[in-house]
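Student: In terms of this note's numbering, the sequence shown opens at residue 14 and continues consecutively. For each residue, glycine too, the CB sits at the ideal point set by N, CA and C. Quick caveat, the model's predicted, so the values are computed rather than measured. One structure, as structure tokens, below. Some questions next.
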Amino acid sequence: MSSADKRYYLTTPIYYVNFKPHVGTSYTTILADVATRHQRFLGMDAMFVTGSDEHSQNIADLAAAAGKTPLAYCDEVIPKFRECWQACRIDDYRFERTSDERHHALVRTFWQRIYDKGDVYKGQYSGWYHTSDNRFLDEDEVPENPESHPRLKFITEEAYYFKLSEYQDWLLKFHEACPEFIVPDFRRNEMLNRIEGGLKDICISRSGTDWGIRLPWDEGHVFYVWIEALLTYMTGSGFDINAFEKTFVDGKSSEVREPLWETTRADLATQPDTNYWPCDLHLMAKDIPWFHVVIWPAMLASYGAPLPKQALVHGYWNFDGEKMSKSLGNVVDPYDAIALVGVDGLRYFLMREVPLGLDGNFNYEALISRFNYDLANDLGNLVHRTVSMVHQNFEGRVPDVLAVTDLDEQIERQRRDTIESVLEKYQGLRYSEMLQELWALIGEANRYIDEKKPWELKKNPERRDEIATVFNRLVNLIRSVLLLAAPVIPEGASKFWQILNFVGDPATMSVGSLQQSVPAGHQLNPSEPVYRRLDLNKMKEESQAQAAAAEAAKPAEKPAAPAADADNESGANVITIDDFVKVQLRVAQVLKAEKVEKADKLLCLQLDDGMGGRQILAGIAEYYKPEDLVGRHVVIVANLAPRKLRGLMSEGMVLAASDSEGRLALISPAGEVSNGAEVR
Numbered sequence: 014m015s016s017a018d019k020r021y022y023l024t025t026p027i028y029y030v031n032f033k034p035h036v037g038t039s040y041t042t043i044l045a046d047v048a049t050r051h052q053r054f055l056g057m058d059a060m061f062v063t064g065s066d067e068h069s070q071n072i073a074d075l076a077a078a079a080g081k082t083p084l085a086y087c088d089e090v091i092p093k094f095r096e097c098w099q100a101c102r103i104d105d106y107r108f109e110r111t112s113d114e115r116h117h118a119l120v121r122t123f124w125q126r127i128y129d130k131g132d133v134y135k136g137q138y139s140g141w142y143h144t145s146d147n148r149f150l151d152e153d154e155v156p157e158n159p160e161s162h163p164r165l166k167f168i169t170e171e172a173y174y175f176k177l178s179e180y181q182d183w184l185l186k187f188h189e190a191c192p193e194f195i196v197p198d199f200r201r202n203e204m205l206n207r208i209e210g211g212l213k214d215i216c217i218s219r220s221g222t223d224w225g226i227r228l229p230w231d232e233g234h235v236f237y238v239w240i241e242a243l244l245t246y247m248t249g250s251g252f253d254i255n256a257f258e259k260t261f262v263d264g265k266s267s268e269v270r271e272p273l274w275e276t277t278r279a280d281l282a283t284q285p286d287t288n289y290w291p292c293d294l295h296l297m298a299k300d301i302p303w304f305h306v307v308i309w310p311a312m313l314a315s316y317g318a319p320l321p322k323q324a325l326v327h328g329y330w331n332f333d334g335e336k337m338s339k340s341l342g343n344v345v346d347p348y349d350a351i352a353l354v355g356v357d358g359l360r361y362f363l364m365r366e367v368p369l370g371l372d373g374n375f376n377y378e379a380l381i382s383r384f385n386y387d388l389a390n391d392l393g394n395l396v397h398r399t400v401s402m403v404h405q406n407f408e409g410r411v412p413d414v415l416a417v418t419d420l421d422e423q424i425e426r427q428r429r430d431t432i433e434s435v436l437e438k439y440q441g442l443r444y445s446e447m448l449q450e451l452w453a454l455i456g457e458a459n460r461y462i463d464e465k466k467p468w469e470l471k472k473n474p475e476r477r478d479e480i481a482t483v484f485n486r487l488v489n490l491i492r493s494v495l496l497l498a499a500p501v502i503p504e505g506a507s508k509f510w511q512i513l514n515f516v517g518d519p520a521t522m523s524v525g526s527l528q529q530s531v532p533a534g535h536q537l538n539p540s541e542p543v544y545r546r547l548d549l550n551k552m553k554e555e556s557q558a559q560a561a562a563a564e565a566a567k568p569a570e571k572p573a574a575p576a577a578d579a580d581n582e583s584g585a586n587v588i589t590i591d592d593f594v595k596v597q598l599r600v601a602q603v604l605k606a607e608k609v610e611k612a613d614k615l616l617c618l619q620l621d622d623g624m625g626g627r628q629i630l631a632g633i634a635e636y637y638k639p640e641d642l643v644g645r646h647v648v649i650v651a652n653l654a655p656r657k658l659r660g661l662m663s664e665g666m667v668l669a670a671s672d673s674e675g676r677l678a679l680i681s682p683a684g685e686v687s688n689g690a691e692v693r
């Protein structure tokens, strides 16, 4: 196998950096890490790229409100992503930024060739632009009353278009020839139906903003954020576009095959040894496959570059059956989960809980149950029982295989069969099924102990040889399990490996290690707990006790009093602490403020709430000029149900105090705090 054939390259989406990482982005990135670790286990030179998509209008607005340049703003936010990936044990990856000059140069070279080819033309665009998704909506995506949507803007501006419509037939042929390009299958069918329904040319530039990569043939335009962000996959791969440009003869590279999708990395003779393009696997959530499996291949075909090999589309994570939403306050912070069950607990839950491509349901009780039953009970108990009994019966040394019964042969067959099946499912990216099979083997091993009853066998001197075989089989089985589980639970696998006193780290071993056996006489270290079981009932009791304490702290109820006058403060409604803690108060910064038509008292505020932004209508126009509010920090009720006022959506409430004359004053933090900080 050539060095080019031994390379394996995969990517996550290039993430927006206007919101800190959450369990959804963590899921995709952990998926990439697991796949990369497995490929390295197979002996591949594997690399994965993630990064930051920085050229959005939202970023520019947030930066302006903070009095910073967009680049300086991104420089401050990006470390949060790196820190989160480190906390998730995602160690060896390449982080690419769309603001990097290397990326700018590649984008400009790439699109200049497409422009010169005639696949780009100038026109005018009018449509609804989503400031959070950073894209124009198709006609069938525009909601009713779009003018009331807090994150939609109607934009009319000069723009350049890519002739996507001319690649409809080519795309259908490509997907027919490469049926495994999109996984799972039902996602493929969705995309094919859309392609067959007809393609429209797509806008690739904006002229109403300065933040972005300028078009090489028209400096008055910048590339539309999605169009250039896709090319980060090529920038991060080490692809030398200048070397590739020199291979073009009569508009086509001499290094690509016909059809284009048959081109391999080995065909790119002029590329450096550090090149990993074409990509082996793009990972993404179900909201963005259209860009990756339709627009992206068409762009590459127009340019004449090799195509990626596969795109895996996964589902969303819900919380307790509801879609995660900032307004509901149920977006899961991966740090909270790690604090509860450790990084292995989170990684295992995310990989085990959801079949390929489907939506998952996250709740903390399920997270704890998975941790307790699968990691602490099944795996932890198997290692502890085995190691402890080897110390009790053989002074901690692994015995040799002596007398072999049918049950001993059966557990060995199950070990070998599971290895083969698990490796196959790893390659098919079927991680949930893979873990089910691996933990089924762990369950069989625990039953094997219960059926062999070594504590009784040792009472019979004539059957002592059977005990030796039992523990030889178990130690070898555990070794195989740790090697196969290490991509998912790297911390625990390493700690168990140390207890078994094996050389090295299972995370850095190769697949050939599965063929090796533990030699007789190998000394094990004493057992110690790696995953400590959490007492879910006790945690519930503590939670109930806290609630009861809060209830007991309430003031004693007063006897019923006559109805008070409306102006009498003693007649004000009283709420309990339970009522109060339901209210989510957060600090937000005003990005934009403008008067609401035909409403003298209302201002429409665009806010950075640290969670992607929101729109709130506030009745403060009599006391504040819109221009005086921009950049100011305010306190908002973040989990108030959205409602329409004057045809505009309001997603919360801005807090203000009023004096006896009814004058309003906004509530602001006395010191400097970050946007999104909770008010307690």
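At the level of alpha carbons, what is the spacing between Pro285 and Leu547?
Tutor: For the purposes of this step, residue 285 is identified with residue 272 of the sequence shown, where counting begins at 1. For the purposes of this step, residue 547 is identified with residue 534 of the sequence shown, where counting begins at 1. Spanning the two alpha carbons is a distance of roughly 51 Å.
Student: Under the three-state reduction of DSSP, which class applies to Met57: helix, strand or coil?
Tutor: Translated into positions along the sequence shown, residue 57 becomes position 44. In the structure shown, Met57 adopts coil according to DSSP, grouped into three states.
Student: Is the beta carbon of Val686 sitting closer than 8 Å to the one on Val647?
Tutor: In the sequence shown, the residue the question calls residue 686 occupies position 673. In the sequence shown, the residue the question calls residue 647 occupies position 634. With a cutoff of 8 Å on beta-carbon distance, Val686 and Val647 are scored as not near each other.
Student: Going by Cα to Cα distance, which pick from Glu635, Arg656, Asp613, Glu640 is closest to Ile629?
Tutor: Stepping through the sequence shown from its first residue, residue 629 is reached at position 616. Taking only the C-alpha atoms, the option nearest Ile629 is Arg656.
Student: Report the partner residues of Cys216 according to the DSSP bridge assignment.
Tutor: Looking up residue 216 in the sequence shown gives position 203. For Cys216, which the question treats as bridged, DSSP gives the partners Tyr174.
Student: Helix, strand or coil, according to DSSP, for Asn688 in the structure here?
Tutor: Looking up residue 688 in the sequence shown gives position 675. DSSP places Asn688 in coil when its eight states are reduced to three.
Student: State the DSSP-derived secondary structure class of Asp430, mapped to helix, strand or coil.
Tutor: Numbered from its first residue, the sequence shown carries residue 430 at position 417. Residue state, collapsed to three classes: helix.
Student: Would you call Trp468 buried or exposed, if buried means 16 or more other Cβ atoms sit within 10 Å of its Cβ?
Tutor: Along the sequence shown, read from residue 1 onward, the residue named residue 468 stands at position 455. So Trp468 counts as exposed.
Student: Please give me, in chain order, every unbroken run of the alpha helix (DSSP H) with length at least 4 that falls completely inside the region 600-677.
Tutor: Entirely contained in the region 600-677, the alpha helix (DSSP H) runs reaching 4 residues are, in chain order, 639-642.
Student: Is Ser315 closer than 8 Å to Ile91 when the C-beta atoms are compared?
Tutor: Taking the first residue of the sequence shown as position 1, residue 91 is located at position 78. Taking the first residue of the sequence shown as position 1, residue 315 is located at position 302. Their beta carbons are not under 8 Å apart, which means Ile91 does not touch Ser315 by this criterion.
Student: What does the Cβ neighbour count give for Phe199, buried or exposed, with the cut at 16 atoms within 10 Å?
Tutor: Taking the first residue of the sequence shown as position 1, residue 199 is located at position 186. Of the other Cβ atoms in all chains shown, fewer than 16 fall within 10 Å of the Cβ of Phe199; this residue is therefore exposed.
Student: Given a threshold of 16 other Cβ atoms within 10 Å of its Cβ, counted over all protein chains shown, does Pro539 qualify as buried or as exposed?
Tutor: Counting from one through the sequence shown, the residue named residue 539 turns up at place 526. Label assigned to Pro539: exposed.
Student: Can you have a look at Phe236 and say buried or exposed, based on whether 16 or more other CB atoms are within 10 angstroms of its CB?
Tutor: Counting from one through the sequence shown, the residue named residue 236 turns up at place 223. With 16 or more other Cβ atoms within 10 Å, it is buried.
Student: So Gly251 and Asn202 are supposed to be a Cβ contact under 8 Å. How far apart are they, rounded?
Tutor: As a position in the sequence shown, residue 251 is number 238, starting the count at 1. As a position in the sequence shown, residue 202 is number 189, starting the count at 1. Not confirmed; about 34 Å, so no contact.
Student: Helix or strand or just coil, what does DSSP make of Gly249?
Tutor: Counted from its first residue, the sequence shown places residue 249 at position 236. Gly249: helix per DSSP, three-state reduction.
Student: Candidates Thr276, Asp372, Lys259, Leu228: which alpha carbon is nearest Met297's?
Tutor: Against the sequence shown, residue 297 aligns to sequence position 284. Considering only alpha carbons, the answer is Asp372.
Student: For Asn31, report the span of its alpha helix (DSSP H) as first-last.
Tutor: Counting from one through the sequence shown, the residue named residue 31 turns up at place 18. Unbroken run through Asn31: none, as it is neither H nor E.
Student: Assuming Ile680 contacts Ala601 (C-beta within less than 8 Å), just tell me the rounded distance between them.
Tutor: Within the sequence shown, residue 680 is the residue found at index 667, counting from 1. Within the sequence shown, residue 601 is the residue found at index 588, counting from 1. Contact doesn't hold; Cβ gap of about 11 Å is too wide.
Student: Taking all protein chains shown into account, do 16 or more other C-beta atoms lie within 10 angstroms of the C-beta of Tyr386, making it buried, or fewer, making it exposed?
Tutor: Locating residue 386 in the sequence shown gives position 373, counting from the first residue. Label assigned to Tyr386: exposed.
Student: Within the region 81-119, note down every full alpha helix (DSSP H) run reaching 4 residues or more, in order along the chain.
Tutor: The qualifying runs are 83-100.
Student: Does the Cβ-Cβ distance between Leu442 and Val62 come in under 8 Å?
Tutor: Residue 442 sits at position 429 when you count from the first residue of the sequence shown. Residue 62 sits at position 49 when you count from the first residue of the sequence shown. A distance of 8 Å or more separates the beta carbons of Leu442 and Val62.
Student: So, under 8 Å CB-CB, Tyr138 and Phe149 are touching, yes? Tell me the CB distance rounded to an integer number of Å.
Tutor: Residue numbering aside, residue 138 sits at position 125 when the sequence shown is read from its first letter. Residue numbering aside, residue 149 sits at position 136 when the sequence shown is read from its first letter. Sure, about 7 Å apart at Cβ, within 8 Å.
Student: Taking C-alpha atoms, which residue in Gly210, Cys216, His188, Gln181 lies nearest to Ile168?
Tutor: Position 155 of the sequence shown, counted from the first residue, corresponds to residue 168. For the residues Gly210, Cys216, His188, Gln181, the minimum Cα distance to Ile168 belongs to Cys216.
Student: Here's the rule: buried if 16 or more other CB atoms are within 10 angstroms of the residue's CB, otherwise exposed. What is Arg140?
Tutor: Position 127 of the sequence shown, counting from 1, holds the residue named residue 140. Per the sequence shown, residue 140 should be read as Gly rather than Arg. Buried is the call here.
Student: Which partner residues does Arg20 have in the DSSP bridge list?
Tutor: Here the question's residue 20 lines up with position 7 in the sequence shown. DSSP, once it has assigned bridges, lists Asp58 as partnering Arg20.
Student: Which residues share a DSSP beta bridge with Thr63?
Tutor: In the sequence shown, residue 63 corresponds to position 50, counting from 1. Phe108, per the DSSP bridge assignment.
Student: Given this structure, state the Cα-to-Cα distance separating Arg428 from Met247, to the nearest angstrom.
Tutor: Position 415 of the sequence shown, counted from the first residue, corresponds to residue 428. Position 234 of the sequence shown, counted from the first residue, corresponds to residue 247. Rounded to the nearest angstrom, the two C-alpha atoms are 41 Å apart.
Student: Looking at the unbroken beta strand (DSSP E) that takes in Asn331, where does it start and where does it end?
Tutor: Counting from 1 along the sequence shown, the entry for residue 331 is found at position 318. Unbroken beta strand (DSSP E) run through Asn331: 330-332.
Student: Taking the beta carbon of Asn31 as the centre, do at least 16 other beta carbons fall within 10 Å, making it buried, or is it exposed?
Tutor: Along the sequence shown, one-based indexing puts residue 31 at 18. It is buried - the Cβ of Asn31 has at least 16 other Cβ atoms within 10 Å.
Student: Could you pull out every residue in the same chain whose Cβ sits closer than 7 Å to the Cβ of Ser145, ignoring the five residues on either side in sequence?
Tutor: Numbered from its first residue, the sequence shown carries residue 145 at position 132. Within the same chain, Ser145 has close Cβ partners Asn71, Arg164, Gly625, Gly626.
Student: Looking only at its chain, what residues have a beta carbon closer than 8 Å to the beta carbon of Leu537, apart from the 5 residues adjacent to it on each side?
Tutor: Counting from one through the sequence shown, the residue named residue 537 turns up at place 524. The answer, listed in chain order, is Val400, Val403, His404, Gly409, Arg410, Val411, Val488, Ile512, Leu513, Asn514.
Student: What separation, rounded to the nearest whole angstrom, lies between the Cα atoms of Gly136 and Trp230?
Tutor: For the purposes of this step, residue 136 is taken as the residue at position 123 of the sequence shown. For the purposes of this step, residue 230 is taken as the residue at position 217 of the sequence shown. Taking the straight line joining both Cα atoms gives about 15 Å.
Student: Can you find the residues in the same chain that come closer than 7 Å, C-beta to C-beta, to Arg95, ignoring five residues on each side of it along the sequence?
Tutor: Numbered from 1 along the sequence shown, position 82 holds the residue referred to as residue 95. Excluding sequence neighbours, Arg95 sits near Phe108.
Student: Between the region 173-191 and the region 204-219, are three or more C-beta pairs nearer than 8 Å?
Tutor: yes
Student: On a CA-only basis, which of Gly37, Gln597, Thr245, Gly355 is nearest His117? Give me that one, please.
Tutor: For this step, residue 117 is matched to residue 104 along the sequence shown. Comparing Cα positions, the closest option is Thr245.
Student: Where does Gln70 fall in DSSP's three states?
Tutor: Walking along the sequence shown from the start, residue 70 turns up at place 57. Here Gln70 sits in helix by DSSP.
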